[in-house]
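Participant:
In my numbering, the protein residues as written are 621 to 861.
Okay, structure coming up:
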């Protein structure tokens with residue numbers, strides 16, 4: 621048996637964090653590989669370059685749009701998904717999976733009272749991949765299945781040793797029980813822009829760019845003057861010698 625609890629930190633920002641705690645109660649599950657499957661709608665994404673900073677905790681495969689800069693309107697409804705392999709070389713009974721998330725900029729609204737978009741986030745599906753042996757298929761402390769989530773990409777299934785479609789003939793997946801105080805679905809509240817503010821934003825942007833241009837031009841003129849004065853001093857020294 622194993623239990624799982626999941627939470628979402630900073631759900632009212634563009635940079636929430638998914639945190640899952642896994643407790644392995646049945647030692648036989650320590651013989652299995654531990655994975656987590658995360659499916660994200662277009663409004664959310666992971667930074668694959670940032671995830672590489674967690675290589676001591678997990679490896680991962682990514683499918684879908686990985687562009688970090690695009691707003692929701694530019695991804696054409698394309699979401700993404702990630703398959704994590706949780707590393708546990710010490711066979712610890714308690715593990716934590718931390719996944720930094722990012723929200724894309726939403727569509728500008730014409731309603732001044734609509735200040736936030738509500739985005740659904742489903743916690744990662746954590747599961748064990750075990751050999752199809754009696755100690756896993758006939759256990760009374762947990763339930764095993766030969767099937768994986770139906771929306772999982774074929775490349776993920778193949779990486780886990782499953783056929784592209786259908787059940788496996790050599791492996792089983794064991795899903796931990798969800799803790800009583802844990803939720804599998806969370807809601808983010810992400811700020812959105814108001815179309816009535818666009819003229820102010822455009823004016824502010826133009827003033828900022830113009831100000832920076834004047835500042836850089838002023839500094840270049842001063843630098844040129846200082847360089848010219850330094851050159852004159854060098855010439856005078858040369859003549860004096």
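Glycine included, every Cβ here is placed at the ideal spot set by N, Cα and C. For clarity, every value in this text was computed on a predicted model and none was experimentally measured.
Is the distance from the Cβ of residue 705 to the Cβ of residue 741 below 7 Å?
Facilitator: Stepping through the chain shown from its first residue, residue 705 is reached at position 85. Stepping through the chain shown from its first residue, residue 741 is reached at position 121. Going by C-beta atoms, residue 705 is not nearer than 7 Å to residue 741.
Participant: Within 7 Å of any Cβ in chain C, is that where the Cβ of residue 709 sits?
Facilitator: Any reference to chain C falls outside this structure, which holds one protein chain only.
Participant: Assign residue 776 to buried or exposed, taking buried as 16 or more other Cβ atoms, counted over all protein chains shown, within 10 Å of its Cβ.
Facilitator: Looking up residue 776 in the chain shown gives position 156. Burial call: buried.
Participant: Tell me the DSSP bridge mates of residue 718?
Facilitator: The count along the chain shown starts at 1 and reaches residue 718 at position 98. Residue 718 pairs with 639.
Participant: Could you check what DSSP says for residue 814 in three-state terms: helix, strand or coil?
Facilitator: For the purposes of this step, residue 814 is taken as the residue at position 194 of the chain shown. DSSP places residue 814 in strand when its eight states are reduced to three.
Participant: I need the boundaries of the alpha helix (DSSP H) containing residue 751, first residue and last residue.
Facilitator: Working through the chain shown from its first residue, we reach residue 751 at position 131. First-last for residue 751: 745-751, but that is the beta strand (DSSP E), not the alpha helix (DSSP H).
Participant: Under the assumption that residue 643 contacts residue 628 (Cβ atoms under 8 Å), give the Cβ distance between them as a whole number of angstroms.
Facilitator: Stepping through the chain shown from its first residue, residue 643 is reached at position 23. Stepping through the chain shown from its first residue, residue 628 is reached at position 8. Actually they are not in contact, since the Cβ atoms of residue 643 and residue 628 sit about 19 Å apart, beyond 8 Å.
Participant: Taking C-alpha atoms, which residue in 698, 747, 626 lies nearest to residue 687?
Facilitator: In the chain shown, counting from the first residue as 1, residue 687 sits at position 67. Of 698, 747, 626, the residue nearest in Cα terms is 698.
Participant: Tell me the DSSP secondary structure of residue 759 in three-state form.
Facilitator: Sequence index remark: in the chain shown, residue 759 carries index 139 (1-based). Coil, per DSSP.
Participant: Have a look at residue 646 and residue 764 and give me their C-alpha separation to the nearest angstrom.
Facilitator: For the purposes of this step, residue 646 is identified with residue 26 of the chain shown, where counting begins at 1. For the purposes of this step, residue 764 is identified with residue 144 of the chain shown, where counting begins at 1. Cα to Cα, the separation comes out at about 13 Å.
Participant: Can you check whether the CB of residue 683 is closer than 7 Å to the CB of residue 793?
Facilitator: The residue you call residue 793 lines up with position 173 of the chain shown. The residue you call residue 683 lines up with position 63 of the chain shown. In this structure, residue 683 does not lie closer than 7 Å to residue 793 by Cβ.
Participant: Report whether the distance from the Cβ of residue 817 to the nearest heavy atom of the ligand GDP is below 6 Å.
Facilitator: Here there are no bound small molecules, and the ligand GDP is not part of this structure.
Participant: Just to confirm before moving on: does the CB-CB distance between residue 752 and residue 790 stay below 7 Å?
Facilitator: Within the chain shown, residue 752 is the residue found at index 132, counting from 1. Within the chain shown, residue 790 is the residue found at index 170, counting from 1. Going by C-beta atoms, residue 752 is nearer than 7 Å to residue 790.
Participant: Could you compute how far the alpha carbon of residue 710 sits from the alpha carbon of residue 718?
Facilitator: Sequence index remark: in the chain shown, residue 710 carries index 90 (1-based). Sequence index remark: in the chain shown, residue 718 carries index 98 (1-based). Their Cα atoms are separated by approximately 18 Å.
Participant: Measure the C-alpha to C-alpha separation of residue 750 and residue 787 and round it to an integer number of angstroms.
Facilitator: As a working note, residue 750 is residue 130 in the chain shown. As a working note, residue 787 is residue 167 in the chain shown. The alpha-carbon atoms of residue 750 and residue 787 are separated by roughly 14 Å.
Participant: Measure from the alpha carbon of residue 634 to the alpha carbon of each residue in 757, 743, 667, 625, then state which is nearest.
Facilitator: Looking up residue 634 in the chain shown gives position 14. Among 757, 743, 667, 625, the Cα nearest to that of residue 634 belongs to 667.
Participant: For residue 776, report the span of its alpha helix (DSSP H) as first-last.
Facilitator: As a working note, residue 776 is residue 156 in the chain shown. That run of the alpha helix (DSSP H) goes 774-779.
Participant: With distances taken from CA atoms, which of 724, 702, 674 is nearest residue 664?
Facilitator: Mapped onto the chain shown, residue 664 falls at position 44. Minimum Cα distance to residue 664 is reached at 724.
Participant: What's the call for residue 837, buried or exposed, on a 16-neighbour Cβ count within 10 Å?
Facilitator: Numbered from its first residue, the chain shown carries residue 837 at position 217. So residue 837 counts as exposed.
Participant: With DSSP as the reference, label residue 786 as helix, strand or coil.
Facilitator: Position 166 of the chain shown holds residue 786. Coil, per DSSP.
Participant: Measure how close the beta-carbons of residue 746 and residue 624 come, nearest whole angstrom, since I'm counting them as under 8 Å.
Facilitator: Numbered from its first residue, the chain shown carries residue 746 at position 126. Numbered from its first residue, the chain shown carries residue 624 at position 4. Confirmed, about 5 Å.
Participant: Helix, strand or coil for residue 766, going by three-state DSSP, please let me know.
Facilitator: On the chain shown, residue 766 is found 146 positions in, with the first residue counted as 1. Residue 766 falls in the coil class under three-state DSSP.
Participant: Per DSSP, which residues does residue 807 bridge with? Please list them.
Facilitator: Translated into positions along the chain shown, residue 807 becomes position 187. DSSP output for residue 807 lists 740 as bridge partner(s).
Participant: For residue 834, name the three-state secondary structure that DSSP assigns.
Facilitator: Here the question's residue 834 lines up with position 214 in the chain shown. If DSSP states are grouped into helix, strand and coil, residue 834 belongs with the helices.
Participant: Would you report the Cα separation of residue 658 and residue 842, rounded to the nearest angstrom?
Facilitator: Reading the chain shown from its first residue, position 38 is the one you call residue 658. Reading the chain shown from its first residue, position 222 is the one you call residue 842. So the alpha carbons of these two residues sit roughly 55 Å apart.
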